[in-house]
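The structure appears below as C-alpha cells.
Numbering (mature numbering (1 follows the signal peptide of the UniProt record, and there is no 0)), first residue to last: -25 to -1, 1 to 267.
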C-alpha cells in the first residue's frame, strides 16, 4: 500500500492514519470543469502525489457530480420522511437510532443533538476526514483518498478489521461535501461497481438504493494487497451526514446503509448489531465537542 496517498479533510460511514496532514484550500463546491485547477490548491508536501490522484476525464467528473446530486436528493428524502422507520435504540433524548428497509437493504438513521453550536465547522471537518473513523470505531484501520475530482468530490478508501477479527475489510466510495446554506452542510457517500482491480471479488455490485450509481464505473488505482486479493470488500449503499447549526446546538442526522458482503455462515443479527453499534458510536461527537 502506498502510504503517500493523500489524507483529505473528509463520511462515513459508518461507515473512517498515519499519513501526511492535508487540507483543502476551498470550501466551495466547484464545477467539474475546474476540478484540476482547484484540486491543485491542496496543501501537500509532494504535489506529484496530487497529480497522480487527479481525474483528467471531464466526462467522468461530470458523471460523478450528477451521481452525487442524485445521492443528495435520495438522502434528503429518507431523512425527511420518517413514518416508515422503527425505533432501534435510544441512548437518551438527544441520541436516537431508527431503522427501516428499502427493499432488502437495511437503513439506519441516527438523530443526534450536540449541545455546542460553536463546534459546527470543526465537526464537519472531522467527519470529512477519511481517518475520522479512528475517533469512533476500534476496528477502524485507516482511510485515504484514491481519486480527486475536486476538493469536495473524491473517491475514498476506508479499511476496517474484519468482523471475524482476522484480516481486513475495505470499501471504496464516492464522497461529496455540500454546503446547503449558511447553517447547513451535508456529507454524502455511495459505492458503485468501481474497477479497483480486486483480486478476490469478481462479482458485480449493484447498488440497491442509488440506481444511478450502477452506471458509474471509474478505474481506481488500488494497492498491491487489494490486487492480490488479500482484503475483503464491502460497499456503502448510501451514507449521509446532515449538519444543522441552531442557536444552542448542532443537529446531526446520520443515515447509513452498508453492504458488508459477508459470507452466509456469519449470522445476520451479528452483522446488523455490528453495523448499528458503529452508528451509535457517532454519538461520541458529543464528548469530542463537549462545551466547556
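Quick reminder that beta carbons are idealized off the backbone N, C-alpha and C, glycines included.
The model shown is predicted, which means the values in this text are computed figures rather than measured ones.
Classification of residue i by the beta-carbon crowding that lies within 10 angstroms, buried from 16 upward
i: residue 253; result: buried
i: residue 140; result: exposed
i: residue 155; result: exposed
i: residue 71; result: buried
i: residue 228; result: buried
i: residue 12; result: Its pLDDT being 42, under 50, residue 12 is placed unreliably by the model, and the measurement read from it follows with that caveat. Burial call: exposed.
i: residue 233; result: buried
i: residue 117; result: buried
i: residue 33; result: exposed
i: residue 41; result: exposed
i: residue 248; result: exposed
i: residue 243; result: exposed
i: residue 81; result: buried
i: residue 57; result: exposed
i: residue 162; result: buried
i: residue 250; result: buried
i: residue 83; result: buried
i: residue 152; result: buried
Nearest to residue i (by Cα), restricted to the options the options
i: residue 133; options: 207, 227, 191 and 78; result: 207
i: residue 236; options: 191, 28 and 176; result: 176
i: residue 199; options: 174, 147 and 159; result: 174
i: residue 256; options: 42, 78, 85 and 46; result: 85
i: residue 88; options: 220, 126, 243 and 250; result: 220
i: residue 25; options: 74, 125 and 54; result: 125
i: residue 193; options: 35, 81 and 101; result: 35
i: residue 182; options: 149, 160 and 196; result: 149
i: residue 216; options: 77, 185, 61 and 160; result: 160
i: residue 184; options: 93, 50, 39 and 28; result: 50
i: residue 202; options: 75, 172, 190 and 250; result: 172
i: residue 62; options: 52, 75, 191 and 56; result: 75
i: residue 123; options: 213, 212, 196 and 66; result: 196
i: residue 93; options: 251, 226 and 231; result: 226
i: residue 128; options: 259, 231, 30 and 23; result: 30
i: residue 142; options: 205, 47 and 60; result: 205
i: residue 214; options: 103, 28, 259 and 263; result: 103
i: residue 95; options: 73, 165 and 218; result: 218
i: residue 231; options: 259, 263, 59 and 165; result: 165
i: residue 258; options: 67, 48, 53 and 246; result: 67
Helix, strand or coil at residue i [DSSP, three-state]
i: residue 53; result: helix
i: residue 181; result: coil
i: residue 125; result: strand
i: residue 264; result: coil
i: residue 251; result: helix
i: residue 95; result: helix
i: residue 79; result: coil
i: residue 108; result: helix
i: residue 259; result: helix
i: residue 67; result: strand
i: residue 157; result: coil
i: residue 100; result: helix
i: residue 31; result: coil
i: residue 170; result: strand
i: residue 137; result: coil
i: residue 243; result: helix
i: residue 5; result: Note that residue 5 scores 35 on pLDDT, short of 50, meaning its location in the model is unreliable; the coordinates nonetheless yield the value given after this. Three-state result, residue 5: coil.
Close Cβ partners of residue i (< 6 Å) along its chain, the five nearest in sequence each way excluded
i: residue 144; result: 135, 137, 207 and 209
i: residue 187; result: 42 and 45
i: residue 77; result: 184
i: residue 169; result: 147, 193 and 195
i: residue 65; result: 71
Close beta carbons around residue i, own chain, < 8 Å, minus the five adjacent residues each side
i: residue 90; result: 69, 223, 224, 261 and 266
i: residue 189; result: 167, 168, 181 and 182
Cβ shell of residue i (< 7 Å), same chain only, five flanking positions each side left out
i: residue 38; result: 191
i: residue 115; result: -10, 108, 109 and 135
i: residue 179; result: 168
Quiz item: Could you give the uninterrupted runs of the beta strand (DSSP E) lying entirely in the region 187 to 238, keeping only those of 3 residues or more?
Solution: Whole beta strand (DSSP E) segments, 3+ residues: 210 to 220 and 225 to 234.
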